Amino acid sequence: MTAELTDTHCHLDDERYETDRAAVVARARAAGVTRLVTVGYDLASSRRTVELAAALPGVYAVVGVHPHDAAGVSPEYLEELRRLAREPCVVAIGEIGLDFYRDLSPRPAQREVFVAQLNLARELGLPVVIHCREALGEVYAILRREAVGLSGVMHCFSGGWEEARRFLALGFYLSVAGPVTFAGARRPVEVVRQMPIERLLLETDAPYLAPVPHRGKRNEPAYLVHTAQKVAEIRGISLEELAAATTANAARLFGLPTF
């Protein structure tokens, strides 16, 4: 490959990497995945992502509160998040949003914390990384109302093309992960085929959602190559062309240095 890939969403702080984190990062770089955006989900994980990004070249941090953890958020919690988000290695607020599949926090709390973090992103001039599960309609409505002037990405987008068009119209990027490689992955394939390449991002969500041929195993950023190969095949372009486009998109959204 002549172009390099960016994993725009992984969780390097996860305990499943505790014994071989350095090797995981080294394997990613050897595979051509030279930039890793590691994403928090609560204060503790956000602190860890900042520490990792500060220590590892080519690693960038995203800090925020996942909807699963919304019930425990206080004004003091948000103030600590604001402090973390000002660290120079932080490139976005996330992952934030709504999860009506597991409903681990009451929905009113999810909505309140989602909007509070959208406001924080606006205050700090940062993009947002959106988690959405079984809540596409409501997430769209909140973003349309509350995210004016914000940029961001729909992480591991799971909707169909008609839903994708609505988020694209808001100016958001759509990120594709391992499920696009699964047999019967009709909706992600349809979205990848039709969306403008200028809004396409790639991610692993590692250690989750490992692509074929590693499905069911611990995922890691090096495996982004398999997702990229499938996406390039769907688009009918070379892997090098896809890598160049999606890495440029990631640099544009997150304000990463250009090669």
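Under the numbering used here, think of the first position of the sequence shown as 290, with each following residue one higher.
Beta carbons: idealized from backbone N, C-alpha and C, even for Gly.
Since the structure is predicted, the reported quantities are computational estimates derived from the model, not experimental observations.
Under a three-way DSSP split, which group does residue i fall into?
i           : result
residue 441 : strand
residue 497 : coil
residue 325 : strand
residue 547 : coil
residue 390 : coil
residue 401 : helix
residue 379 : strand
residue 307 : coil
residue 530 : helix
Mark residue i as exposed unless 16 or more other C-beta atoms lie within 10 angstroms of its C-beta, in which case mark it buried.
i           : result
residue 519 : buried
residue 406 : buried
residue 309 : exposed
residue 510 : buried
residue 363 : exposed
residue 324 : buried
residue 437 : exposed
residue 390 : exposed
residue 492 : buried
residue 399 : buried
residue 433 : exposed
residue 298 : buried
residue 341 : buried
residue 525 : exposed
residue 394 : buried
What residue does the alpha helix (DSSP H) around residue i start on, and which one ends it?
i           : result
residue 523 : 513-524
residue 364 : 364-374
residue 415 : First-last for residue 415: undefined, no H or E at that position.
residue 334 : 332-344
residue 504 : Run containing residue 504: none; DSSP gives neither H nor E here.
Since residue i and residue j should fall inside the 8 Å C-beta cutoff, what is the C-beta to C-beta distance between them, to a whole number of angstroms?
i           : j           : result
residue 381 : residue 416 : 5 Å
residue 489 : residue 465 : 7 Å
residue 480 : residue 462 : In fact, because the Cβ distance is near 12 Å, the residues do not count as touching under 8 Å.
residue 326 : residue 296 : 7 Å
residue 550 : residue 402 : The chain is shown from 290 up to 548; residue 550 falls before or after that span and cannot be answered.
Can you tell me where the beta strand (DSSP E) with residue i in it begins and where it stops?
i           : result
residue 350 : 348-352
residue 294 : 294-299
Ranges of the alpha helix (DSSP H) found wholly within the region 419-488, counting only runs of at least 4: 425-435, 450-458 and 475-483
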